[in-house]
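Following the numbering used here, the numbering of the sequence shown begins with 1 at its first residue and continues without gaps. Note that CB positions come from ideal geometry on N, CA and C, so glycine has one too. Model, not experiment: these values are computed from the prediction. Accompanying notes for the structure given below.
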Amino acid sequence: MREIKEPGTRWRVRRGTAVPGPAAHLWRRSVTGGVLTGVGIAAFVDESVFHQLLHWHHFYDRSTTGAGLVSDGLFHAFGWFAIVAGLFLYAELRRRAGPVRPAWWGGLCLGLGAFQLYDGTVQHKLMGLHQIRYHVDIAPYDWTWNGIAVLLLAAAALLLVRSRR
1 MREIKEPGTR WRVRRGTAVP GPAAHLWRRS VTGGVLTGVG IAAFVDESVF
51 HQLLHWHHFY DRSTTGAGLV SDGLFHAFGW FAIVAGLFLY AELRRRAGPV
101 RPAWWGGLCL GLGAFQLYDG TVQHKLMGLH QIRYHVDIAP YDWTWNGIAV
151 LLLAAAALLL VRSRR
């Protein structure tokens, strides 16, 4: 049995049972912390690898190089703020009763996959802010980018459903 400590209460939760009231709050906060951390990690990897190391694109490629660099800086700051917020939630959960780890990992995969799918569909295709890469056949890159996103979202669904039992 896992003991969940909430102020003024004492709940015991068995593995394989539905999550009761106070435990549901910990589950939701675990998922939220994982999502924020996942979004931040995805943004950090995108910025570091594709923007800085490979120089494939900027966050905003429809203007000057200077505007692209400023947009990269803002995007990088957003990613770090998401990571910090997610890790603060994780630390707060550890202080209280410990995070629901499968829910946190499910949230992490959800954040990674959702960011990547949003980036690949909305930013790349609908808004046209940038492409993954220029002057090449973009289809294999798009399929790989969005395929990885779908796999991450499937892993998130599996982890989140299993963590609710």
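{"Asked": "Other residues of its chain near Q52: CB distance less than 8 Å, five sequence neighbours each side excluded", "Found": "D72"}
{"Asked": "Length-filtered (4 minimum) alpha helix (DSSP H) runs lying within the stretch 14-88", "Found": "21-45"}
{"Asked": "Contacts around Y141, its chain only, beta-carbon distance under 6 Å, and the 5 residues preceding and following it disregarded", "Found": "I132 and R133"}
{"Asked": "Nearest to W27 (by Cα), restricted to the options V100, G40 and R96", "Found": "V100"}
{"Asked": "Rounded distance between the beta-carbons of A43 and F78, thought under 8 Å", "Found": "6 Å"}
{"Asked": "Member of S48, L153 and D46 whose CA lies at the smallest distance from the CA of G106", "Found": "L153"}
{"Asked": "Pair within 8 Å by beta-carbon distance, G113 and T37", "Found": "no"}
{"Asked": "Closest by C-alpha distance to R96, when choosing among R164, R29 and F115", "Found": "R29"}
{"Asked": "Beta-carbon contacts of T17 that lie in its chain and below 7 Å, excluding the five residues immediately before and after", "Found": "With a pLDDT of 47 at T17, under the threshold of 50, the modelled position of this residue cannot be trusted; read the value that follows with caution. Excluding residues within five positions, none has a Cβ falling inside 7 Å."}
{"Asked": "Same chain, Cβ closer than 8 Å to V150, five either side skipped, listed in chain order", "Found": "G113 and L117"}
{"Asked": "Residue range of the unbroken alpha helix (DSSP H) whose run includes Y134", "Found": "No alpha helix (DSSP H) contains Y134, which DSSP labels as neither H nor E."}
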